[in-house]
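Take 81 as the starting number for the sequence shown in the working numbering and just add one per residue. Virtual Cβ for every residue (Gly too), placed ideally from N, Cα, C.
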Amino acid sequence: MMYLKNLNDDYHLPRLRQADSIVIVSGQGSYEAPDRSRDLSDVLHSKGIPHLLELWGHDVNHDWPWWRKMLPHYLGRFCQD
């Protein structure tokens, strides 16, 4: 986050602005930190870097069963022919 906040160069920033698959996903249940995900999204937005922020429900915990649901969901969205 600190690096991104201070990133103002003519090499990396233009490349990041061409990104088409930056995804920030967080649950809002136990051991999750959705506010940190929102903070990262705010920094990316302020730099004009396209991204997707999705916060899953309050029942979504930081644990393998949810990651197993999330991974195919996003791979399906971004890995289509």
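One alpha carbon belongs to Pro94, the other to Lys85, and they sit about 15 angstroms apart.
About 17 angstroms separates the Cβ atoms of His153 and Glu112, ruling out a contact at the 8 angstroms cut-off. In terms of CA proximity to Leu151, Ser106 leads the group Ser106, Asn88, Asp122 and Ile129. With respect to the 8 angstroms criterion, Pro130 and Asp100 are classified as neighbours on the basis of their beta carbons. At least 8 angstroms separates the beta-carbon of Leu132 from that of Gln108.
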